[in-house]
C-alpha cells in the first residue's frame, strides 16, 4: 500500500487555478520533496492532503483511505508540522504534548512523552510555557508533537525555516533517524535546496499549479546539467528547459 | 471520548494556573447581580409593606432573572470564547489536521462552556443568598429544567456565531460578545411577554428564553410550574439547535472548500 496516491487533483478558487490536474504516488519508507516558488501550489496541495481543503476535482488516497470519505481514519495515522501554525503558548510543553497525545489516542502517553523529550532534547523544557521558548526550541517541540502518534505519513511545511544551522541540522538528523527506524513516508515542502538534496529520495517540482518535473535530486541535477538543485530550481522558475 | 477530553484538558490546563481568567469568568455575572440586586432592594424598601407585596416579588423575579439569564450569556460566551482562544493561539490548524471530528470539537466546546457557566455563576448565586436572602434553589427541581433550556439556548447561539467565524473569519469576532446581549430585550427576562408591543410579542415567543422566564415568574408569583411554557421552550430549543447544527455543518464544509480553515485567524 502506498503512502499517498493523488489522481488528477485540481483546486480552483473563484478566479485562480491553484492546482492544475496533478497526479503522483509516494510509496512508504521514503522522503519526498515538494518544491516550487511562491504561489506554485505547494501549500494548496499539502492542505488538500491534510483534508483542510476540499479538492475541486480529483482523488486523494492516503494509507489506503479515501480522503473524501474516510479522512479521519487517515488523519489518525499521519501528522503535520509547520512553523506557521503555533501550539498554545500558555500551555507547558508537556501539556501541549499531552493534549495532542489525547487527540491522537496515543497509548501509554506519559511514556511516549518521555521518549520524545529524550529524542528531541526537551527534558528541561517540559514544564516551560510553549510561548516562552526560542524559535529553535519551538521547532523541536512542534516536531515532537508531529511524532507523538508515530505517524506512518509525516507532512512538513518548511521544517527548518528561520532556524540557525545547528538547530536545522538537529531537525534534519531527527528526520533521517525517524525514516531509518520506521517505514514512514515523509513529504516536505522546503525552499532549502541543500536540505532537500540531503533528505529527499524524490522531488516533485511544481510551478503554476502543475508538476513540471520529478526525480531524484541527483537525476534532476544531471538532467539540467547543473551543479546543484538550487540551480535546477532557478532554471525551472525561469522557464529554462532541461 | 478521549479526543473530547484532549480538547477540554487544553483549556483546563490554562484555567488552573490563571486566577485572572477565573475571576474574569465570575466578574460580569457578579457585577450584574450586584447592580440589579441593589435596585430590587431599593424598590422593595421604598414600599414599607409585608412580604408577598408585588414589589417584593418583583424584586425576587428581578434577581432570579439576572441569575438565570446569565446562564445563557455565559454558556454562549463559554463556547465562542473557547473557539476564539484556538484562533488567537493559531492552534486551529493543528486541531483540524488531527483526527478530532467536528462533532467532537463541538462536544469539547460545550463541555468547557458548562464548566465556565457553573464557575461563573457560583459566586453570584452565593452573593444573592447572602446579600439579598434570595435562594435560587428555592425555585425547586424545575430550576434544573430552566437551567438546561437556557444552557442549550446559549449553545445554539454560539454555534451560529462559530458558523459566522467560519464564514467571515476573525472579522466576525465582535459578534461573539454582542449577539446574545442583543437578544435580551426579546428574552423578556425582567418583564412579561405581554409588556412588549403586540407586534413584537411573536418575535419574543420564538426564543426559548421568553418561555423560560414566563415559567420562572409563574413559579415565583403564582407558585405553579407552567409545563406549557417549559414544553414550548424545549421544543423551540430542539428546532433552533437542529437549525444551528445544520448551519455549522454547512459553514464548516464551505470553509473547507474555500480554504478558510487555514486563514480563519487572519
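Protein chains in written order, with our numbering: chain A, 7 to 248; chain B, 0 to 265.
C-beta: ideal position from N, C-alpha, C; glycine also.
On a predicted model such as this, the values are computed, not experimentally measured, just so you know.
Under the Cβ criterion (8 Å, minimum of three pairs), the segment 254–264 of chain B does not count as touching the segment 233–245 of chain B. In this structure the segment 139–155 of chain B lies against the segment 208–221 of chain B, because at least three pairs of beta carbons, one per stretch, are closer than 8 Å. When secondary structure is reduced to three states using DSSP, residue 206/B falls in the coil class, being assigned neither helix nor strand.
Between the C-alpha atoms of residue 159/B and residue 196/B there is a straight-line separation of about 27 Å. Per DSSP, residue 148/B lies in no beta strand (DSSP E) segment; the continuous alpha helix (DSSP H) that holds it begins and ends at 141–167.
Taking 8 Å as the cut-off, the beta carbon of residue 88/A is found closer than this to the beta carbon of residue 163/A.
Residue state for residue 219/A is assigned as strand, using DSSP reduced to three classes. With its beta carbon less than 8 Å from one in chain B, residue 101/A belongs to the interface. Taking CB atoms only, residue 94/A has a neighbour in chain B less than 8 Å away.
Residue 198/B sits exposed, since fewer than 16 C-beta atoms from the chains shown fall within 10 Å of its C-beta. For residue 213/A, the enclosing beta strand (DSSP E) begins and ends at 208–213. Look at residue 93/B: its C-beta is under 8 Å from a C-beta on chain A. Just measuring C-alpha positions, the residue of 131/B, 41/B, 193/B and 25/B sitting nearest residue 77/B is 25/B. Residue 225/B sits in coil when the DSSP states are folded into three classes, being neither helix nor strand. For residue 153/A, the uninterrupted alpha helix (DSSP H) segment begins and ends at 141–153.
Straight across, the Cα-Cα distance linking residue 1/B with residue 93/B is about 17 Å. Fully enclosed alpha helix (DSSP H) runs of no fewer than 4 residues occupy 48–55 and 77–81 of the segment 25–108 of chain A, in order along the chain. Here residue 216/B carries a helix assignment [DSSP, helix/strand/coil].
Contact of residue 97/A with chain B by beta-carbon distance below 8 Å involves 9, 12 and 13.
In this model, residue 64/B and residue 71/B are separated by some 11 Å (Cα to Cα). Chain order gives no chain A residues near residue 18/B, where near means a beta carbon separation below 9 Å; the closest approach is about 13 Å.
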